[in-house]
Amino acid sequence: MKQAADHNRVKRMQWWHDARFGMFIHWGLYSQLGRHEWVMNRERIPLAEYEKLSWTFKPKPRPMREWARCAKQAGMKYLVMTTKHHEGFCLWNSKLTDYNAFQRGPGRDLVQEYVDACREFGLKIGFYYSLMDWHHPDGARCAYDEKARRRFVDFTRGLVRELMTNYGKVDILWYDVSWPLRSPEAWESRKLNAMARKLQPHIIINNRSQLPEDFGTPEEHIKAEDEGRAWEACMTFNGSWGYLPYSQPEDWHSSRKVLHMLREVTAGGGNLLLNIGPAPDGSVPPLAVERLKPVGRWLAANGEPVYGKIDRVTEAEWNPLGTWTRKGKSAYFWCHWWPGKTLSIGGLKVKVLKASLLSNGKHLNFVQGKDRLILTGLPAKCPDPYAGIGVIKLQLAGKLVQKLGAGCVILPPEKKRK
Ligand code: GLC
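Be aware that the sequence shown starts at 5, since it is given in our numbering, and climbs by one per residue.
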């Protein structure tokens with residue numbers, strides 16, 4: 005039984021692993037205030053005052069097409085949008101609450117528009133859904149009042165059912181914060197997710213309904229989960245998930261930094277979900293567009309090590325000028341500080357059969373000594389015009405193994421030493 009379930013998971017998640025790179029979108033009433041998506045809680049804004057934002061929220065027509073275009077150009081393959089963040093405002097036409105985009109200011113079903121844009125641009129569709137709800141009268145009460153818990157869990161299930169029913173095929177269900185209920189039993193998460201899977205048999209579900217489900221979600225840091233467990237690092241672009249007009253250009257990750265993150269997740273067998281916080285009218289912050297364009301161009305020229313089936317890098321060391329990713333017997337050296345015409349790499353314990361520059365396939369000459377590989381005839385300047393990261397592909401006789409250690413010789417094992 006377990007094996008069948010695992011096999012099904014491997015199949016279901018194939019596209020997601022191959023995709024590697026997605027866009028997170030935090031957009032809601034809070035975007036109008038531009039002071040982080042936790043603004044209601046952090047500034048203790050009274051509910052009645054905050055609710056007014058539901059009437060003044062007036063996005064321009066179909067801004068999601070801009071998100072989708074931007075994501076596509078950046079080399080991203082899927083999107084995950086906040087259908088309801090902690091504030092409790094539903095971006096879709098819900099029958100279960102009138103605190104929703106259709107019945108308030110926007111007068112439109114923004115989830116439908118989002119889904120349409122994803123489909124138009126050929127991107128997979130993810131729905132973020134916050135279990136925590138600062139608006140619903142039972143959202144906190146449910147922690148100590150059984151009747152309130154019953155109502156709130158039913159409300160939650162009803163909303164998730166709408167999302168899983170009304171928009172055709174949905175690819176990812178991305179839960180967030182499960183405050184204030186303390187167990188999956190209290191949330192009735194098994195039942196909730198079984199319903200989602202019944203309605204969307206292909207769906208991939210994250211681990212934030214207090215059950216592990218399909219993948220882990222390290223947040224604002226990159227840390228591989230144990231081998232065999234899928235994971236996705238979610239990262240802000242500028243320190244806030246929601247729109248932050250006060251951010252400075254230096255707060256934004258550079259294109260190089262985004263590629264470093266992408267390399268790091270790839271080496272650990274994970275995914276990267278990079279966030280943008282659109283403005284209240286829905287437009288993408290210009291700095292996000294500016295930083296993502298080179299990323300997309302870089303990936304168009306160097307995407308081979310990123311997309312598709314990759315292998316974790318398990319036996320490599322740090323190298324000052326670059327770092328590794330791996331696909332079977334191919335190793336990719338992402339050189340972020342280009343050394344000029346010659347590059348030396350120490351400690352490779354596997355025979356190199358061929359070397360080339362990934363972006364143009366140009367063959368590179370090399371000599372491999374006992375403990376040192378020397379590549380020659382490289383371009384004098386970094387050949388990558390987009391981010392200054394040139395990739396050297398090595399075809400190896402086996403799997404990548406690099407051993408250096410702290411000393412300049414490898415010491416014999418402890419018991420053999422005199
Ligand atoms: C945190 C925050 C939330 C954000 C999320 C993204 O849980 O509460 O604002 O949506 O992280 O992972």
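All C-beta atoms, glycine included, are put in the ideal place defined by N, C-alpha and C.
Segment contact: the region 109 to 118 against the region 316 to 333, fewer than three CB-CB distances shorter than 8 angstroms; contact not assigned.
Non-local C-beta neighbours of Lys366 in its own chain, meaning closer than 7 angstroms and more than five positions away in sequence, comprise Ser360, ordered along the chain.
In terms of side-chain proximity, the C-beta atom of Cys238 is found nearer than 6 angstroms to a non-hydrogen atom of the ligand GLC.
With contacts defined as CB atoms closer than 7 angstroms, His30 and Thr86 qualify as a contacting pair. Cβ neighbours of Trp341 within its own chain (closer than 6 angstroms, five residues either side excluded): Leu325. Secondary structure at Met136: coil, using DSSP grouped into helix, strand and coil. Setting aside the 5 residues that flank it on each side, Glu229 is surrounded in the same chain by Gly220, Trp235, each with a C-beta closer than 6 angstroms to its C-beta; the list follows chain order. When Val395, Ala121, Gly32 are compared, the shortest CA-CA separation from Glu70 is found for Ala121.
Annotation for Lys76: the continuous alpha helix (DSSP H) segment containing it runs 68 to 77. Residue pairing from DSSP places Asp180 in a beta bridge opposite Ser134.
Taking a 10 Å sphere around the C-beta of Tyr148, we find fewer than 16 other C-beta atoms and assign the residue as exposed.
Listed in chain order, the non-local C-beta contacts of Glu268 below 7 angstroms within the same chain comprise Ile226, local neighbours out to five positions each way being set aside.
Per DSSP, Cys122 lies in no beta strand (DSSP E); the unbroken alpha helix (DSSP H) holding it starts and ends at 114 to 124. In this structure, Tyr82 lies near Gly26, with their beta-carbon atoms less than 7 angstroms apart. If you draw a straight line from the Cα of Ser98 to the Cα of Asn211, it comes to about 25 angstroms.
When beta bridges are read from the DSSP output, Asn104 appears opposite Cys94.
By DSSP's assignment, Ala359 forms a beta bridge with Leu398.
When the Cα atoms are used, Gly272 and Tyr336 turn out to be separated by approximately 14 angstroms.
One alpha carbon belongs to Ala292, the other to Val413, and they sit about 46 angstroms apart. Here Trp338 carries a strand assignment [DSSP, helix/strand/coil]. Rounded to whole angstroms, Ser363 and Arg421 show a C-alpha spacing of 46 angstroms. Around the beta carbon of Lys88, 16 or more other beta carbons lie within 10 angstroms, which makes this residue buried.
Close CB contacts of Tyr54 within its chain, under the 6 angstroms cut and outside five residues either way in sequence, are with Met44 (chain order). When DSSP reads this structure, Ala237 sits in a beta bridge with Leu276.
Comparing alpha carbon positions, the residue from Glu150, Tyr390, Phe131 closest to Thr169 is Phe131. Look at Lys261 here: in three-state DSSP terms it is helix. Apart from the 5 residues on each side of it in sequence, Arg316 sits with its Cβ closer than 8 angstroms to the Cβ of Ala228, Glu231, Ala271, Gly272, Gly273, Arg330 in its chain, given in chain order. With at least 16 other beta carbons inside 10 angstroms of its own, Asp137 counts as buried.
Beta bridge pairing from DSSP links Asn369 with Thr380.
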